Every structure is written in structure tokens, then in C-alpha cells.
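Residue numbers (full-length UniProt numbering), protein chains in the order written: chain P, 1 to 59; chain D, 1 to 257; chain X, 1 to 237. Structure first, then comments.
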Amino acid sequence: MFGLRAWPTPIVKPLWPFMIGSALTFAGVWKLQNVALQSEEARNDPKNPFAKTAKSGGH
Amino acid sequence: MINNNFFINSPLEQFEVTPFIKFNAPILGDFNLSLTNLGLYALITVFLVLGLHIVANNSHSLIPSKWSIALESAYASIHAMVRDQIGPNNEIYTPFIYSLFFFVVIANLNGNIPYGFTVTTSIMVAIGLSVMIFLGVTVLGLSIHGVHFFAYFIPSGTPLGLVPLLVLIELISYLARAVSLGVRLFANMVAGHTLLKILSTFLAQLFTASILVAVVTLIPFAVFVALIGLEIAVSLIQAYVFCVLTCSYIKDAIELH
Amino acid sequence: MSSRFALRSLRSAGIRSAALPRALAVPSSRGYASQQSPDEKAASLINAVPTSSLWTKTGGVVLGTAVTAAAVSTELYVANEETVLAVGFFIIVAAVGRSIGAPYSSWATGHIDRIKGILNSAREEHTSAITERITSVSALKDVVPLTEQLYAVAKETATLEHENFRLAQESAVKAELKSVLDSWVRFEQQQREAEQVALVASVKAGVEERLADAGFRKQLLEEALGQVEQLSRAKAI
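Shown next as C-alpha cells:
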């Protein structure tokens, strides 16, 4: 596209450790985010989309 | 006296991540996706990097254009850095380091533009990048050397009695790499932007106080302009340092110094 | 060593700082040449607006003023501390752009022209080499008919020489025959002459032998005398 030629640059061959690393980091941040969202101080924050999910479900 | 109706906000409010578009659905256990200013600026950074490479692309002619000379010299310096740091037979990591450098440098420079947001001021972005790199480098080292990878933690020529203590210290300093790489970038960006925000707030109050004060404020304003220049330099340098250290960690994993 | 550097830098700084007040004290009568007249200043301001014709410049200035007024009045743009940042940022961008823009542009144009020059000169050298080769080869374009003509001439020469040789051989054979016949003729002539000589010699020998015989001599004398008597009786007497 845009007149650029496709060169056969190896993507997976050098970068597979970083793909595994990014998958692990993503999983870690996801879990961390879930824990942080259910924590005490974030539970009642109005910006929290999971705050009082019962109330938002009945809207 | 400050006779204006300024609301002096906290200088850290510029780093808040606020969503523009929210997408909530009660499926899959409260699926929640939103486009925040962080996400928007990450997309802007990606589009700027791609756009730069499309505008400065000169693959159809032998004669370079001015844009392509600059881009080719940037590529040559990064290639030289990778070759010096990791070694000439590991140049296969050049595209990775090149993309990393351009992402970080354009992300940093986005924040230097007025009303722009730096994605690397978010601790999650900076630490996320560095943890990803750290884990990737560890996996790389383990895959190449197997169990012998742990010989990295014992520097050569240590007396046998010191080995447990030294291994602990080396392990802690190795684990600190994950955090230090990201925190270096994060702290530099946050400190620079906070300083500029504080100084610009003061200067704005001084400029709007009275005409005499406004004229005298031009001298600190000159210092402030120099600081903006320093911020732009810091953006470039921090991106470069990030990439040099990534290359160094890759080299350590491949060659076990 | 470092103290010497410090002294030298202090001395040069002292000279420079001593020069500055003197320059400020002189009334800038020679600065009038560098000060612009109001017309030039107005012209430089007008030229600072980006577009080319006067109508679009006026339109652009009016539009800019209207947009600014609209933005400020609807609080789309609030002049807060970001304005200070924005002004500082644009000053930096202008300074950096002016300081490295023109040198980089001129260096890059020089680099591009050098490459263009190399490529164009290579192309011209190549075309001139090719045209030279074409002309040098086209000078040989008569070679084929020439060679054909030479070949025909050579063929003709070969047949003629063949004819020549054959005739020469014939004439040689004939000459040899002739010489052989001549030699035979000469031989026969020699033989005939030798026979004649031998005949004469034999006759002479016979005569001499007869003459040697006395009786024959006497007889010959008597015959001669008799002839003489006859003759003398017939002729003279």
C-alpha cells in the first residue's frame, strides 16, 4: 500500500521473546488492574466503570 | 496581588488519563473499553511514525530528497548503535530497536507541543515497556543458554565464599533493570513536564499582573524558553538512552558478558 | 595549565566587555543604514504573511483575527499558562528552524546535486561511449562487400594463376622437346661434319699414299706433261 514494497524482514525470528514478554506483561497488568479496581479506595470512585455494578445494570 | 480568576490547578493534573468515548457492555463480565487521551495520543504517535516514513520514503528514485536524507541518517545511526552494542552478527534486532526508538521519541516530542500529551508520562506505559523488554530479554537468554544463563549472576573471579551474597546482589540488580529502565524514562518526562507547568503557571500570573511586571518577567521568560529547549533535548536523549540500554540488555542476554 | 586557560579566557572576556560599553556610548549615527525606513518595515511585515497576493494576505489576516476573536469569546481558547508554554515553544521552534534549517537545506541540496551530478555524468559518459563505439563500428560497415570483392578477386586470381601455370608447364614441355630435338640436330650435324672431315682426310690420305707410291708419281708426271703438251699445242701455240 502507498507504493511501499514489502521486504521479507524477519519478525517472529528475532522478536518471539519480546512477544512472550509482552503477553506476560499484558496478563500481569490485566490482573493488577482487576485487583486495583476491586480495591477499597477505587470501589466508590464515580469514574470507576465497575463501581456499584448492580446500580449501573438497573439503569 | 493576583487579581485574576485563575484556578490554580495541581501541576500533576496534566497527566490525568481521561476517557473520551466509553463503551460498556455487560457481556463477558462487564466488558469495558474506552478511548482515553492516552489511547488517542498513542494512536497519534503511531500515525505520526507511519506518516513520517511514508512522507520521507524515497524508494522510487536513486536521488534522495531532503526528508529521506534525514531519515536515512537516523536509520544509519541506529544501525551503528545496534552493531556497536550487540555485535555485528546480531543486527537482526535493528528493526525492533528502530521502532522502539521512533515510538518513544515521537511520543516524547508529542508532549513538547503545546496542549499535547506524553504517553510515556503514564507509569503504566513506561513500566509496561520496560517489563516487557526485561521479560523478553530473560526469555531470550534462557532460550539460548538454558540453565547456564544463571552463570551471568556470578562475575568471573570471585572467591567461593562470597558467591551466595554476590549472586543475591547481582540478582537484585538484574531485577532492578526491569524497573529502572521504565522509571528513568517516566521520571524524566514527568519531572520535565511538571517543572514546565509550574513555571508557566507562575509566569502566566506574572504576565497578567501589570504592565511593568510583565516587562520585567521577560527575563525569567528567557530562562523558561531555554528550559523548553532543554525539554525537547531531554525527550530525544531519553529515547536514545532507552534504546541504548535495551541493546545493552540484549547483548548481556546473548553473550553473558 | 588550567590557570593559564582561565587567565586567557578572563583576558579575552575583559577585552570583550571593555569593548561593549564603548559601542553603546557612541550615538548610533552609523546605525541609520541598518535601521529600516517605515516603508521598508511595513513591506517586511506584509511579506511576513505567508500567501502570495495582497488580497489573500488581507483575507488571511482578517480570517485569523476573526478566528481568534471567536475562539476566545466562546472560551474555546482560554489564555492560561499553556499560552506561555505555546509562545516559548514557537520561539524555540523558530530559533532552531532558522539556525539549522538553512544550513541543513543548503548542505542537503549540495549532497543531492552531487549525486545528481554523478548520475548524470555517468549517463552522459555512457551515451558518449556508446555513440563512439557506434561510430567506430560504423566505419567498418563496408567490410562485408569489400571482403566479398576481395574474395572474388582472389578467386579470379587463383583461376588465372592456375591457367598460367598450366600454360607455363605446356611451354616448358615444348621447350624441353625443342631443346632435345635441337641437340639431336646438332649432333647429326656434328656427325655429318665429322664424316666429311673424315672423308676428306681419308681421301687425302689415299692421295698421299698414292703419291707416295713412286710409280704413281711417275705416272702422274707423265700425265701432267702430256696435258701440258696438249694445252700448249691447243692454246698458245
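We treat Cβ as the ideally placed atom computed from N, Cα and C, and that holds for glycine. The model shown is predicted, which means the values in this text are computed figures rather than measured ones.
Q: Could you tell me whether any Cβ in chain P is nearer than 7 Å to the Cβ of GLY161/D?
A: no
Q.
When you compare the CB of residue 301/D with every CB in chain P, is at least one pair closer than 7 Å?
A. With chain D covering 1 to 257 only, the question about residue 301/D has no answer from this structure.
Q: Answer with yes or no whether the minimum CB distance from THR158/D to chain X is below 7 Å.
A: no
(Q) Please confirm whether SER39/P has its beta-carbon closer than 7 Å to some beta-carbon of chain B. (A) No chain B appears in the structure shown, which is made up of the protein chains P, D and X.
(Q) Just to confirm my understanding: we take ILE97/D, look at its own chain, exclude 5 residues before and 5 after, and list those with CB closer than 7 Å. What are they? (A) ILE78, VAL82, CYS243, THR246, CYS247
Q) Are any of the Cβ atoms in chain D nearer than 7 Å to that of VAL153/X? A) no
Q: Compute the Euclidean distance between the alpha carbons of PHE224/D and LEU230/D, then round it to the nearest angstrom.
A: 10 Å
Q: Measure the Cβ-Cβ separation of VAL131/D and THR25/P and say whether it is below 7 Å.
A: yes
Q.
Quick check on SER52/X: does DSSP put it in helix, strand or coil?
A. coil
Q) Does the beta-carbon of LYS141/X have 16 or more other beta-carbons within 10 angstroms, so that it is buried, or is it exposed? A) exposed
Q: Please find out if some non-hydrogen atom of the ligand COA comes closer than 6 Å to the beta-carbon of VAL84/X.
A: No copy of the ligand COA occurs in the structure displayed, which carries no ligand at all.
Q.
When you compare the CB of ILE92/D with every CB in chain P, is at least one pair closer than 7 Å?
A. yes
Q: Give the straight-line distance between the Cα atoms of LEU196/D and PHE102/D, rounded to the nearest whole angstrom.
A: 24 Å
**Q.** ILE86/D vs LYS251/D beta-carbon contact at 7 Å
**A.** yes
**Q.** Integer Cβ distance of ILE198/D from ALA108/X, believed to fall under 8 Å
**A.** No, ILE198/D and ALA108/X are not in contact; Cβ-Cβ is about 39 Å, not under 8 Å.
Q: Note down, in chain order, each residue of its chain lying with its Cβ closer than 8 Å to the Cβ of ILE144/D, except the 5 sequence neighbours on either side.
A: ALA253, ILE254
Q. Quick one, which of LEU15/P, LEU32/P, ALA42/P, SER22/P has its alpha-carbon nearest ILE92/D's?
A. LEU15/P
Q) Closer than 7 Å, Cβ to any Cβ of chain D: which residues of the stretch 84-110 of chain X, in chain order? A) VAL84, LEU85, ALA86, GLY88, PHE89, ILE91, ILE92, SER105, ALA108
Q) Which same chain residues, not among the five before or five after ASN32/D, have their C-beta less than 6 Å away from its C-beta? A) ASN24
**Q.** Exposure label - ALA107/D; buried when at least 16 CB within 10 Å
**A.** buried
**Q.** Extent of the continuous alpha helix (DSSP H) to which TRP67/D belongs
**A.** 66-86
Q) The alpha helix (DSSP H) with LYS155/X in it runs from where to where? A) 143-212
(Q) In whole angstroms, give me the CA-to-CA distance for SER232/X and GLU222/X. (A) 15 Å
Q) Would you say PHE18/P faces chain D, with C-beta separation under 7 Å as the test? A) yes
Q. Can the beta-carbon of LEU206/D be found closer than 7 Å to that of THR217/D?
A. yes
**Q.** Given VAL179/D as reference, the closest of LEU140/D, VAL137/D, ALA126/D once Cα atoms are compared
**A.** ALA126/D
**Q.** Span of the alpha helix (DSSP H) around ALA209/D
**A.** Note, ALA209/D: premise wrong, no alpha helix (DSSP H); not H, not E.
Q) Cβ atoms of LEU203/D and PHE221/D: under 7 Å apart, would you say? A) yes
**Q.** Contact with chain P by MET81/D, beta-carbon distance below 7 Å
**A.** no
(Q) If you measure between the beta carbons of TYR174/D and LEU256/D, is that distance less than 7 Å? (A) no
Q. Listed in chain order, which residues of the stretch 115-133 of chain X have Cβ atoms closer than 7 Å to some Cβ of chain D?
A. ILE115, LYS116, LEU119
Q. Just curious, the alpha helix (DSSP H) that ARG233/X is in, first and last residue?
A. Note, ARG233/X: premise wrong, no alpha helix (DSSP H); not H, not E.
Q. For the stretch 59-77 of chain D, which residues have a CB atom closer than 9 Å to at least one CB atom of chain P, in sequence order?
A. SER59, HIS60
Q: Starting from residue 241/X, find everything on chain D with Cβ-Cβ shorter than 7 Å and list it in chain order.
A: Outside the modelled stretch of chain X, which goes from 1 to 237, sits residue 241/X, for which no answer is possible.
**Q.** Rounded straight-line distance, which links the Cα of PRO114/D to that of LYS47/P
**A.** 27 Å
Q.
For GLY111/D, tell me which candidate among PRO19/D, GLY192/D, LEU35/D has the shortest Cα-Cα distance.
A. GLY192/D
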